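The sequence shown begins at 42 in the working numbering and counts up by one.
One structure is given below, encoded as C-alpha cells.
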Amino acid sequence: MGEEQTRGKIFIVSAPSGTGKTTILKRIVKEIPNLYFSVSATTRKPREGEVNGVDYYFVSIDDVLEMFRKKELLEWAMVHGNFYGTPVWEVEGKINSGKNVIVDVDVKGFMKIKRKYPESVSIFIMPPSIQELKERLLKREGKSTFDEELKKRFEKATYEMSFRDLYDYVIVNDNLDRACNELKEIILKNIEK
Ligand code: ADP
Ligand code: 5GP
C-alpha cells in the first residue's frame with residue numbers, strides 16, 4: 042500500500058468586483074508551489090485576454106443545465122445577471138490529490154463552501170476606498186462613465202463589503218505588492234499548519 046495522501050487546503054477569496062482580486066490571485070498562484078486556481082464555469086462573456094479553461098469555463102445556459110443534471114456543481118450563484126458556478130472536480134479533484142486550491146467566489150459562494158468545508162481558510166480583499174474602486178472598475182472596462190453594468194457591480198460591492206467580518210482574514214489592496222505579500226503570508230502560514 043502506498044503512503045496516505047494528505048488532502049490539500051482550500052482558500053476562499055472574495056472581493057468586490059474591481060478591487061484587484063484577479064490581479065493578486067494570478068501573481069500568487071505563480072509564486073506559491075502546489076497552489077492552484079479553481080476554474081469556475083460562467084455564462085459571462087470573456088473579457089479581453091481571458092482564456093477558456095484557464096480564467097473560466099465560458100459556457101452556455103444549456104451547458105449549465107447539463108452540469109446541474111449531472112450534479113457537477115459544488116455551489117453556484119447568479120452574479121450581476123450571469124451564472125457562476127464551481128465544478129465539484131475543481132475543488133474535490135485537486136484537494137484529494139494533495140493540491141492546495143484557491144476558490145474565487147462571491148459572498149454567497151463563500152458561505153456555501155465554508156459550510157461544506159469548515160476547515161477552509163477565507164480571505165476578504167477590500168479596495169482602499171469607494172472612489173478608488175470606481176476608478177478601477179472604469180479602468181478595467183476601458184470606460185469613462187458608469188453604465189448599467191458598472192452600476193450593478195458597484196452596488197453589489199457595497200453590499201458585499203458588509204460581510205467582510207465573517208471572513209478569517211481581511212486585507213486591503215492599496216499597494217499591489219504589499220497586498221500580494223500579505224495574502225502570500227496568510228496562505229503559506231496555513232499550508233504549513
Ligand atoms: P477584480 O478581479 O477584483 O474584479 P481586477 O484584478 O480585474 O479586479 O482589477 C481591476 C483593475 O484594477 C485592473 O485594471 C487592475 O489592473 C487594477 N488594479 C489592481 N490592483 C491595483 C492596485 N493595487 N492599484 C491600482 N490598480 C490596481
Ligand atoms: P467577474 O465577472 O468579475 O470575473 O466575477 C464576478 C463575481 O463572481 C466575483 O465576485 C467572483 O468572485 C464571483 N465568482 C466567480 N466565480 C464564481 C463561482 O464559481 N461561484 C460564485 N458563487 N461566485 C463566483
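Glycine included, C-beta positions come from ideal geometry on N, C-alpha and C.
The structure presented is a predicted model; accordingly, all values stated were derived computationally and were not measured.
**Prompt:** So is the beta-carbon of alanine 118 under 7 Å away from any non-hydrogen atom of the ligand ADP?
**Reply:** Within the sequence shown, numbered from 1, the residue matching residue 118 stands at position 77. No, since every heavy atom of the ligand ADP falls outside the 7 Å radius drawn around the Cβ of alanine 118.
**Asked** Are the beta-carbon atoms belonging to proline 57 and leucine 174 less than 8 Å from one another?
**Response** Position 16 of the sequence shown, counting from 1, holds the residue named residue 57. Position 133 of the sequence shown, counting from 1, holds the residue named residue 174. Contact: yes.
**Asked** Of the residues Asp103, Ile136 and Pro169, which one's Cα is nearest the Cα of methionine 202?
**Response** The residue you call residue 202 lines up with position 161 of the sequence shown. The shortest C-alpha separation from methionine 202 is found at Pro169.
**Message:** Considering only the alpha carbon of each residue, which of Ile166, Gly94 and Tyr158 lies closest to asparagine 48?
**Reply:** Translated into positions along the sequence shown, residue 48 becomes position 7. Looking at the sequence provided, one finds arginine at residue 48 rather than asparagine. Looking at the Cα atoms, Tyr158 is the closest of the given residues.
**Burial state of isoleucine 164 (16 or more Cβ within 10 Å)** = The residue given as residue 164 occupies position 123 in the sequence shown. Result: buried.
**Cβ-heavy atom distance, leucine 217 to the ligand ADP, below 7 Å** = Here the question's residue 217 lines up with position 176 in the sequence shown. Yes, Cβ of leucine 217 sits closer than 7 Å to a heavy atom of the ligand ADP.
**Asked** Measuring CB to CB, does proline 128 end up less than 8 Å from glutamate 107?
**Response** By 1-based counting over the sequence shown, the position of residue 128 is 87. By 1-based counting over the sequence shown, the position of residue 107 is 66. The answer is no: Cβ separation not under 8 Å.
**Own chain residues within Cβ distance below 7 Å of aspartate 96, not counting five before or after** = Position 55 of the sequence shown, counted from the start, is the residue given in the question as residue 96. For aspartate 96, where only same-chain residues beyond five positions count, there are no Cβ hits under 7 Å.
**Request:** Just tell me which of Pro87, Tyr200 and Asn75 has its CA closest to the CA of aspartate 147.
**Result:** In the sequence shown, counting from the first residue as 1, residue 147 sits at position 106. Closest option to aspartate 147, Cα to Cα, is Tyr200.
**Request:** Spatial neighbours of glutamate 233 within its chain, please: CB distance less than 6 Å, with the 5 preceding and 5 following residues excluded, ordered by chain position.
**Result:** As a first step, residue 233 must be located in the sequence shown, where it is residue number 192. There are no such residues.
**Request:** Indicate the three-state DSSP secondary structure (helix, strand or coil) for alanine 220 in the structure shown.
**Result:** Your numbering for residue 220 matches position 179 in the sequence shown. Correct three-state label for alanine 220: helix.
**Asked** Per DSSP, what kind of secondary structure is isoleucine 166 in: helix, strand or coil?
**Response** Here residue 166 corresponds to residue number 125 of the sequence shown, with the count starting at 1. Isoleucine 166 falls in the strand class under three-state DSSP.
**Request:** Could you check which residue in Ala198, Val144 and Arg88 has the C-alpha nearest to that of isoleucine 228?
**Result:** Within the sequence shown, the letter at position 187 stands for residue 228. Considering only alpha carbons, the answer is Val144.
**Message:** At the level of alpha carbons, what is the spacing between tyrosine 125 and glutamine 46?
**Reply:** Indexing the sequence shown from 1 puts residue 125 at position 84. Indexing the sequence shown from 1 puts residue 46 at position 5. One C-alpha to the other measures close to 30 Å.
**Request:** Under 8 Å by Cβ, that's how I've got valine 142 and isoleucine 51 pegged, so tell me the actual separation to the nearest angstrom.
**Result:** The count along the sequence shown starts at 1 and reaches residue 142 at position 101. The count along the sequence shown starts at 1 and reaches residue 51 at position 10. Valine 142 to isoleucine 51, Cβ: 6 Å. Contact.
**Item:** Whole-number beta carbon distance between threonine 60 and asparagine 214, since they are thought to touch under 8 Å
**Value:** Numbered from its first residue, the sequence shown carries residue 214 at position 173. Numbered from its first residue, the sequence shown carries residue 60 at position 19. Indeed they touch by this definition, with Cβ atoms about 6 Å apart.
**Assigned exposure category for tryptophan 130 - 16 Cβ within 10 Å defines buried** = In the sequence shown, the residue the question calls residue 130 occupies position 89. With fewer than 16 other Cβ atoms within 10 Å, it is exposed.
**Asked** Quick one: does phenylalanine 187 have its CB under 8 Å from some CB of chain D?
**Response** Among the protein chains of the structure shown there is no chain D, as only one such chain exists.
**Asked** DSSP beta-bridge partners for alanine 56?
**Response** Taking the sequence shown and counting its residues from 1, the one referred to as residue 56 is at position 15. None; alanine 56 has no bridge partner.
**DSSP state of valine 80 mapped onto helix, strand, coil** = Taking the first residue of the sequence shown as position 1, residue 80 is located at position 39. In the structure shown, valine 80 sits in coil (DSSP, three-state: anything other than H, G, I, E or B).
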